[in-house]
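Participant:
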Amino acid sequence: MSGDIAGLTAEALREIARAEDARAIEAIRVKFFGKKGAFAEAQKALAALPPAEKPAYGARLNDARKQIEAALGERAALLEKAALSARLLGESIDVTLPGRDGREGGLHPLTEVSRQIFRIFESMGFAVFEGPELEEEYYNFDALNIPPYHPAREEQDSFYVGSDRVLRTQTSPMQIRVMQRFQPPVAAISPGRCFRRDAVDATHLHTFHQVEGFLVDKGVTMADLKGVLTSFAQRLFGADTKIRFRPDFFPFVEPGAEVAISCFACHGKGCRTCRQSGWIEIGGAGMIHPHVFTAVGYDYETYSGFAFGMGIERMVMKKYSVPDIRMFYENDMRLIGQFR
Ligand code: DAH
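Here the sequence shown is numbered in our numbering, starting from 13 and rising by one per residue.
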């Protein structure tokens, strides 16, 4: 019987040494230690022995069991380690491989054209100022000679925040803020977001961009305004672009004008871009009203100045034939990707 135990142990250790994975280990465990396993048999043999032989046989059986169990544990740990390093090797990254190209970003068309606009005006000596989008009613209306009963103040046009602040409906309040800070001569542009309670359609959004500009000095005339805007339009839309002024009313200028450029697509013949008129409206302009000068403490007997305000989305839509203003805010890569 003692020979059996030695043979059993040797057999078990051989099998363990050959086991290649956790399943093989488990099979060996069952074969030797399972309910019907070799050790269960040996246990039965033990019961049948004469009492005097029982302790020695039992002790050997115990030793054998411990030895095999230890071998099983060791082998299992070894196999687990090997499996882990094999997996890590398979998952490793070869840092010497060439990288994958990232997708190149581009500027949003509104940003791109805004920057072109800044560059053009800066080259003519205009400084750039940005102002608050949440604006005091005073700057958005009162100081711009828009009295309390003016329709532009009605709530359907403006987003009020509290009783005396609005999301600015135009960039014109920046004229006031800049003039309060600087004495003439002064020339500035101010781009930014504006907000109106407009119904959204292909040409209207509640949020849009304008660029405001103005220049104040001694002896400034409407001819200067026309010169600056002509030069601007020719650089943004093409060297043969013409400017058209038609009388218009804005409370903060006198006289006031609607500004249009000759159509760069058909050169005035009439096409879809200009809706057959030959002209594209881009904004308003005029000579700064004496009331505005008074509001900022400029002497209107000494100084004169011009101001203009243009819609940026409008200009970009025309320049790139974007049919719907909402497309600027949908972030569809098919549109954005064309402006790289
Ligand atoms: N703020 C005007 C608007 O939003 C545009 C405008 C017209 C600006 C005439 C001016 C100006 O500076 O002189 O409709």
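Even for Gly, the Cβ is constructed at its ideal location relative to N, Cα and C.
Using beta-carbon positions only, say whether residue 197 and residue 228 come within less than 8 Å of one another.
Facilitator: As a position in the sequence shown, residue 197 is number 185, starting the count at 1. As a position in the sequence shown, residue 228 is number 216, starting the count at 1. A contact, by the Cβ cut-off of 8 Å.
Participant: What separation, rounded to the nearest whole angstrom, lies between the Cα atoms of residue 115 and residue 324?
Facilitator: What you label residue 115 is simply residue 103 of the sequence shown in a count that begins at 1. What you label residue 324 is simply residue 312 of the sequence shown in a count that begins at 1. Distance between the alpha carbons of residue 115 and residue 324 is about 28 Å.
Participant: Count the other CB atoms, across all protein chains shown, that sit within 10 Å of the CB of residue 208; report buried if there are 16 or more and exposed otherwise.
Facilitator: Numbered from 1 along the sequence shown, position 196 holds the residue referred to as residue 208. Buried.
Participant: Please state the DSSP three-state secondary structure of residue 363.
Facilitator: Here the chain comprises residues numbered 13 to 352, so residue 363 is not present and cannot be evaluated.
Participant: Looking at residue 145 and residue 193, is the spacing between their C-beta atoms short of 8 Å?
Facilitator: Taking the first residue of the sequence shown as 1, we reach residue 193 at position 181. Taking the first residue of the sequence shown as 1, we reach residue 145 at position 133. No; because the gap between Cβ atoms is not below 8 Å, this pair is not in contact.
Participant: Out of 222, 335, 142 and 224, point me to the one whose CA is closest to residue 215's CA.
Facilitator: Mapped onto the sequence shown, residue 215 falls at position 203. Answer by Cα proximity: 335.
Participant: Taking its Cβ as the centre, do 16 or more other Cβ atoms sit within 10 Å of residue 149, making it buried, or is it exposed?
Facilitator: As a first step, residue 149 is located in the sequence shown; it is residue number 137 there, counting from the start. With 16 or more Cβ atoms within 10 Å of its Cβ, residue 149 is classed as buried.
Participant: Within 7 Å: the Cβ of residue 239 and any heavy atom of the ligand DAH?
Facilitator: Counted from its first residue, the sequence shown places residue 239 at position 227. For the ligand DAH, not one heavy atom lies less than 7 Å from the Cβ of residue 239.
Participant: Is residue 17 closer than 8 Å to residue 44 when the C-beta atoms are compared?
Facilitator: Translated into positions along the sequence shown, residue 44 becomes position 32. Translated into positions along the sequence shown, residue 17 becomes position 5. For residue 44 and residue 17, no; Cβs fall outside 8 Å.
Participant: Got a sec: is the Cβ-Cβ distance from residue 58 to anything in chain C below 8 Å?
Facilitator: In the structure shown, chain C does not exist; there is a single protein chain.
Participant: In chain order, what are the residue ranges of uninterrupted beta strand (DSSP E) at least 3 long that sit wholly in the region 212 to 287?
Facilitator: Those beta strand (DSSP E) runs which fall completely within the region 212 to 287 and span 3+ residues are 219 to 229, 255 to 260 and 265 to 274.
Participant: Do residue 185 and residue 142 have their beta-carbon atoms positioned less than 8 Å apart in this structure?
Facilitator: If you number the sequence shown from 1, residue 142 lands on position 130. If you number the sequence shown from 1, residue 185 lands on position 173. No, these two residues do not count as a Cβ contact at 8 Å.
Participant: Bridge partners for residue 316 per DSSP, in chain order?
Facilitator: In the sequence shown, residue 316 corresponds to position 304, counting from 1. Note: residue 316 sits in a beta bridge opposite 229.
Participant: Within 7 Å: the Cβ of residue 265 and any heavy atom of the ligand DAH?
Facilitator: Taking the first residue of the sequence shown as position 1, residue 265 is located at position 253. Indeed, a heavy atom of the ligand DAH lies less than 7 Å from the Cβ.
Participant: CB of residue 202 to nearest heavy atom of the ligand DAH: below 7 Å?
Facilitator: Numbered from 1 along the sequence shown, position 190 holds the residue referred to as residue 202. The answer is no for residue 202.
Participant: Identify the residues that DSSP records as bridge partners of residue 202: which are they?
Facilitator: Position 190 of the sequence shown, counting from 1, holds the residue named residue 202. DSSP lists 224 as partners of residue 202.
Participant: Compute every distance between the C-beta of residue 262 and the non-hydrogen atoms of the ligand DAH, then say whether any falls below 7 Å.
Facilitator: Counting from 1 along the sequence shown, the entry for residue 262 is found at position 250. Yes, the Cβ of residue 262 comes within 7 Å of a heavy atom of the ligand DAH.
Participant: State the Cα-Cα distance for the pair residue 269 and residue 226, rounded to the nearest angstrom.
Facilitator: Here the question's residue 269 lines up with position 257 in the sequence shown. Here the question's residue 226 lines up with position 214 in the sequence shown. The straight-line gap from Cα to Cα measures roughly 14 Å.
Participant: For residue 131, collect the residues of the same chain with a Cβ closer than 7 Å to its Cβ; drop the 5 residues on either side in sequence, then sort them by chain order.
Facilitator: Walking along the sequence shown from the start, residue 131 turns up at place 119. Counting only Cβ-Cβ distances below 7 Å, and skipping sequence neighbours, we find nothing.
Participant: Is the region 259 to 277 in contact with the region 289 to 303, if contact means three or more CB pairs nearer than 8 Å?
Facilitator: Output reads yes: the region 289 to 303 touches the region 259 to 277.
Participant: With a 10 Å radius around its C-beta and 16 neighbouring C-beta atoms as the bar for buried, classify residue 221 as buried or exposed.
Facilitator: Here residue 221 refers to the residue found at position 209 of the sequence shown. That one is buried.
Participant: Under 8 Å, with one C-beta from each stretch per pair, do the region 71 to 89 and the region 23 to 40 reach the 3-pair mark?
Facilitator: Segments in contact, yes.
Participant: Taking 7 Å as the cut-off, does the CB of residue 319 come closer than this to any heavy atom belonging to the ligand DAH?
Facilitator: Residue numbering aside, residue 319 sits at position 307 when the sequence shown is read from its first letter. Within the cutoff, so yes.
Participant: Have a look at residue 165 and residue 175 and give me their C-alpha separation to the nearest angstrom.
Facilitator: Numbered from its first residue, the sequence shown carries residue 165 at position 153. Numbered from its first residue, the sequence shown carries residue 175 at position 163. Cα to Cα, the separation comes out at about 12 Å.
Participant: Might you give, ordered along the chain, the residues of its own chain that have their beta carbon closer than 6 Å to the beta carbon of residue 312, omitting 5 neighbours on each side?
Facilitator: The residue you call residue 312 lines up with position 300 of the sequence shown. Result list for residue 312: 302 and 305, in chain order.
Participant: Since residue 58 is in the alpha helix (DSSP H), which residue starts that stretch and which ends it?
Facilitator: Against the sequence shown, residue 58 aligns to sequence position 46. Run containing residue 58: 50 to 60, per the alpha helix (DSSP H) assignment.
Participant: How far does the alpha helix (DSSP H) with residue 134 in it reach, from first residue to last?
Facilitator: Numbered from its first residue, the sequence shown carries residue 134 at position 122. That run of the alpha helix (DSSP H) goes 121 to 135.
Participant: Using C-beta distances below 6 Å, list every residue in its chain close to residue 337, excluding the 5 sequence neighbours before and after it, in chain order.
Facilitator: The count along the sequence shown starts at 1 and reaches residue 337 at position 325. 215, 217 and 325.
Participant: Could you tell me which residues DSSP puts in a beta bridge with residue 172?
Facilitator: Numbered from its first residue, the sequence shown carries residue 172 at position 160. Its beta-bridge partners are 178.
Participant: Can you tell me whether residue 90 is buried or exposed? The criterion is at least 16 other CB atoms within 10 Å of its CB, across all chains shown.
Facilitator: Within the sequence shown, the letter at position 78 stands for residue 90. Exposed.
Participant: Report buried or exposed for residue 99, applying the criterion of at least 16 other Cβ atoms within 10 angstroms of its Cβ.
Facilitator: Here the question's residue 99 lines up with position 87 in the sequence shown. Answer is exposed; the Cβ neighbour count stays below 16.
Participant: Based on DSSP bridge pairs, tell me the residues matched to residue 146.
Facilitator: To locate residue 146, count along the sequence shown from 1; it is residue 134. DSSP lists 179 as partners of residue 146.
Participant: Between residue 248 and residue 133, what straight-line distance do the alpha-carbon atoms span, to the nearest angstrom?
Facilitator: By one-based count along the sequence shown, residue 248 stands at place 236. By one-based count along the sequence shown, residue 133 stands at place 121. Approximately 11 Å, taken between the alpha carbons.
Participant: Please state whether DSSP places residue 116 in a helix, a strand or coil.
Facilitator: Numbered from 1 along the sequence shown, position 104 holds the residue referred to as residue 116. Three-state DSSP puts residue 116 in coil, outside helix and strand.
Participant: How close, in whole Å, do the beta carbons of residue 271 and residue 297 come, if the pair is a contact with beta carbons under 8 Å?
Facilitator: Numbered from 1 along the sequence shown, position 259 holds the residue referred to as residue 271. Numbered from 1 along the sequence shown, position 285 holds the residue referred to as residue 297. With 8 Å as the limit, residue 271 and residue 297 qualify as a contact, their Cβ atoms being about 5 Å apart.
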